[in-house]
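The sequence shown begins at 9 in my numbering and counts up by one. Worksheet for the structure shown next.
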Amino acid sequence: MLADALGRPLRFIVTAGQVGDVTQAPALLQGQIGEAVLADKAYDSNALRAIIADMGATAVIPSNRTRNIIIPHDANAYKQRNRIERCFCRLKHFRRFATRYDRRTSHFAGFIHLA
């Protein structure tokens, strides 16, 4: 899910549970403009950092502990990442969203639009 600076959802992609988040990030970031992209350690990849640099934004992503060379990030800017977590929390207050009763992706995506 892509959210703005206030934590409001802008874009989302529904995928299977075993699909890694970092594989969907380029599609979510396509056409977006911003100063920084804040993400957690799951998004730490050289390819994604290159895409963010091509956008003209700063990647605020902590390095995964398995990375050989640690790439520093702005810890103060990273504190703002809690806004996307609060966005997920607001959505999970809806029981239907949290438990994923819908079998069809289109129904689940439609409910996210309503929420």
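We put the beta carbon where it would ideally sit given N, CA and C, even for glycine. Please read these numbers as outputs of a predicted model, since none were measured by experiment.
May I ask you to report which of helix, strand or coil DSSP gives residue 18?
Correct three-state label for residue 18: strand.
Would you check if the region 23-35 and the region 67-80 touch, i.e. whether three or more CB-CB distances between them fall below 8 Å?
Flag = no, the region 67-80 and the region 23-35 do not touch.
Span of the alpha helix (DSSP H) holding residue 44?
It is not in any alpha helix (DSSP H) - residue 44 instead sits in the beta strand (DSSP E) that spans 44-46.
DSSP state of residue 66, grouped into three classes?
Strand, per DSSP.
Give the DSSP-derived three-state secondary structure of residue 136 in the structure shown.
No answer is possible for residue 136: the residues shown for the chain start at 9 and end at 123.
Taking the alpha helix (DSSP H) that residue 100 falls in, what are its first and last residues?
First-last of the alpha helix (DSSP H) with residue 100: 90-100.
Look at the alpha carbon of residue 12 and the alpha carbon of residue 88, and state the distance between them as a whole number of angstroms.
Each residue's alpha carbon lies about 11 Å from the other.
Return the residue from the list 61, 120, 90 that minimises the CA-CA distance to residue 102.
The shortest C-alpha separation from residue 102 is found at 120.
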